[in-house]
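Enquirer: Going by UniProt numbering, the residue at position 170 of the sequence shown is 170; the numbering climbs one at a time, nothing skipped.
For glycine and all other residues, C-beta sits at the position ideal for the given N, C-alpha and C.
This one's a predicted model, so the numbers in the text were calculated from it and none came from an experiment.
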Amino acid sequence: MNKSQKSRRNFLWKSALVLPSLHFGLLSFTSFSDTNLELVAANRIQRIELLTAADKMDLQKDFYVNRLHLPLIIESGNSFEVLAGNTIIKFILTSTHSPFYHFAFNIPENKIQKAIDWSTERFQLIKNGKGEKVIHFKNWDAHAIYFFDPAGNILEFIAHHTLSNSAKNDFKPEDILNICEIGLVSNNVLALASEIELKTGLTDYKSGFQKSSDFRAIGDPNGMLILSRENRNWLMTDKPAVENMVSVNLLGEREGSINLQNTTCNINMKRQ
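1) Among residues of its own chain, excluding the 5 on either side of Ala84, which ones have a beta-carbon nearer than 7 Å to its beta-carbon?
2) Using the beta-carbon count (16 or more within 10 Å), is Arg229 buried or exposed?
3) Give every residue of the same chain whose Cβ lies closer than 6 Å to the Cβ of Glu81, excluding the five residues on either side of it in the sequence, and list them in chain order.
4) Could you tell me which residues DSSP puts in a beta bridge with Glu75?
5) Residues bridged to Ala264 by DSSP?
6) For Ser247, is the classification buried or exposed, using 16 other Cβ atoms within 10 angstroms of its Cβ as the cut-off for buried?
7) What is the DSSP secondary structure of Ile107, counted as helix, strand or coil?
8) Please go through the same chain and pick out, in chain order, the residues whose beta-carbon is closer than 6 Å to the beta-carbon of Ala144, but skip the five residues on each side of it.
9) Please classify His97 as buried or exposed, where buried requires at least 16 other C-beta atoms within 10 Å of its C-beta.
10) In terms of DSSP beta bridges, what is Lys270 paired with?
11) Under a three-way DSSP split, which group does Asn66 fall into?
12) Looking at Asn128 and Met224, is the spacing between their C-beta atoms short of 7 Å?
13) For His102, which beta-bridge partners are listed by DSSP?
14) Looking only at its chain, what residues have a beta carbon closer than 6 Å to the beta carbon of Phe171, apart from the 5 residues adjacent to it on each side?
15) Quick one: what does DSSP say Gln60 is sitting in, helix, strand or coil?
16) Quick check on the burial criterion: 16 or more other C-beta atoms within 10 angstroms. Buried or exposed for Glu255?
17) Here's the rule: buried if 16 or more other CB atoms are within 10 angstroms of the residue's CB, otherwise exposed. What is Asp62?
18) Could you tell me which of Lys138, Tyr146, Asn139 sits nearest to Glu132, measuring between CA atoms?
19) Whole angstroms are fine: how far does the CA of Asn249 sit from the CA of Thr30?
20) What did DSSP end up calling Asp117 once you bin it into helix, strand or coil?
21) Tell me, please, which residues DSSP counts as bridged to His136.
22) Taking Val189 as part of the alpha helix (DSSP H), name the residues at either end of that continuous run.
23) Output yes or no for whether 7 Å exceeds the beta carbon distance between Leu192 and Leu227.
24) May I have the straight-line CA-CA distance separating Ile92 from Ile48, to the nearest angstrom?
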């Protein structure tokens, strides 16, 4: 890592560390600082908080810190936080079940093959039934690869060619730019989509898909809420979607904390 990269990452660390915490039961939200807003004007998803089975916490920390090489920001007895580009991910211990989620990382739009090369040296990529590692989303003008973390979360590197974020050289941890998708699961996707649109002001992404009771994508390539019907298999896997508690900090047109009624998700919004 060169000097400018170190300076950037140190600056991001400091920005993340100054965010004050607000506690809501088991999960805590982190509010936004002016410094953070300046950093991530194009980054909609500022922070996600996920539950993790107790017996997976150490494996999770090792994977994110030593495999993905994301900076460890904070660690306590029952949680830890890492910095994924401009997004904070907090993993919180639960002893009641083994939750899993789907979320995606934006990478430079010209580095999908280099991301494959980098990833295969560190973990196994998921293949579809045809043996393919790369999914081409024609309607989104994007390519993506998928993999699991030790807790069974379904992770994705996605290169959105509509974003002007191309970069030179081989793939490196700094090319993990932000969290651009977080999956929300519900037994009523249409009601959840309407609720999110009403309460957040976000709208459907120009996905080319008809409005479906199984799947919706709300937001844009800088940050999307991916809505899945419960028990629908996540793409590239045979894992049925399961509703689990998640909290999300978003930039948007509204402000305030939102408790969604059609899924177990809390959204903390800050006006962009």
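Expert: In short:
1) Leu70, Phe105, Ile176, Asn178, Ile179
2) buried
3) Ile73, Ile74, Ile88, Lys90
4) Phe80
5) The sequence given here has Thr at residue 264, not Ala. The partner list for Thr264 (beta bridge, DSSP) is empty, contrary to what the question assumes.
6) buried
7) coil
8) Ile135, Glu156, Ile158
9) exposed
10) Leu251
11) helix
12) no
13) Ile154
14) Lys111, Lys114, Ala115, Trp118
15) helix
16) exposed
17) exposed
18) Tyr146
19) Any reading at Thr30 needs caution, since the residue's pLDDT is 41, under 50, leaving its predicted position unreliable; the model's value is listed next. Each residue's alpha carbon lies about 8 Å from the other.
20) helix
21) His143
22) 189-200
23) yes
24) 11 Å
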